[in-house]
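K.L.:
One structure follows; several queries about it will come next.
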Amino acid sequence: MKIVLIRHAKVDYDWRKWSSARQFDADCEGYDRAPVLSGSYDVPEDDISRIYISSLQRTRDTARQIFGDKECISSELIDEVPLSSSIGLRNKMPLSFWNVTGRLQWWLNCRKQKEGRKQTFLRAALFVDMLVAKNEDCAVVTHGFFMHTLISVLKKQGFHIGETSLHYGNGQCIVAEI
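All residue numbers for the sequence shown refer to this note's numbering, where the first residue is 45 and numbers rise by one.
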């Protein structure tokens, strides 16, 4: 069984470099609604029988760029880990502050974030269990931060993973095989 993991295409969105909590939350929502840019992909398509995408439009648009009009199965189980401001500051803080503190809260399962690490791992495990039960080669178009969790769960299920990274580039492809 082979699973081709693909990070979605580059999103056409300019984040504010400095923002208040409210502005950062607005940017997170804006990013989720923004279109993707055209890109080129090096995806092994020969053995793929199904294509899974998240419920966010950027994965559908990416799948369309790669696979054309092939049918895609949408699943919220592989949505990006949601991010929101870590504290209700009116003062503007750098984008890196919001990203780091939000992901730290995610790691600590803090209720300020919409989802904690435990919930993310549960989603990923449910998705991988579904794929293993179907036992078919497939492509999964998902998100950069979520890919780390998904790869971790795949490894626990006995999959051999191709080259991993601390940061998955837009359109990057990782192959998991069992």
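Backbone N, C-alpha and C define an ideal beta-carbon position, used for all residues, glycine too. Quick caveat, the model's predicted, so the values are computed rather than measured.
Would you identify the three-state DSSP class for Met137, choosing helix, strand or coil?
P.N.:
If you number the sequence shown from 1, residue 137 lands on position 93. DSSP places Met137 in strand when its eight states are reduced to three.
K.L.:
Ignoring anything shorter than 3 residues, give me the beta strand (DSSP E) runs that lie fully in the region 56-129, in order along the chain.
P.N.:
Runs found: 94-97.
K.L.:
Please report the distance separating the alpha-carbon of Ser98 from that of Ser118.
P.N.:
In the sequence shown, the residue the question calls residue 98 occupies position 54. In the sequence shown, the residue the question calls residue 118 occupies position 74. Each residue's Cα considered, the two are about 5 Å apart.
K.L.:
Determine whether the beta carbon atoms of Tyr96 and Ala168 lie at a separation below 9 Å.
P.N.:
Position 52 of the sequence shown, counted from the start, is the residue given in the question as residue 96. Position 124 of the sequence shown, counted from the start, is the residue given in the question as residue 168. No.
K.L.:
By the 10 Å Cβ neighbour count, where 16 or more other Cβ atoms means buried, how is Glu124 classified, buried or exposed?
P.N.:
Counting from one through the sequence shown, the residue named residue 124 turns up at place 80. Glu124 comes out buried.
K.L.:
Arg51 bridges to which residues according to DSSP?
P.N.:
Locating residue 51 in the sequence shown gives position 7, where the first residue counts as 1. Thr186.
K.L.:
Please state whether DSSP places Ile218 in a helix, a strand or coil.
P.N.:
The count along the sequence shown starts at 1 and reaches residue 218 at position 174. Secondary structure of Ile218 (DSSP, three-state): strand.
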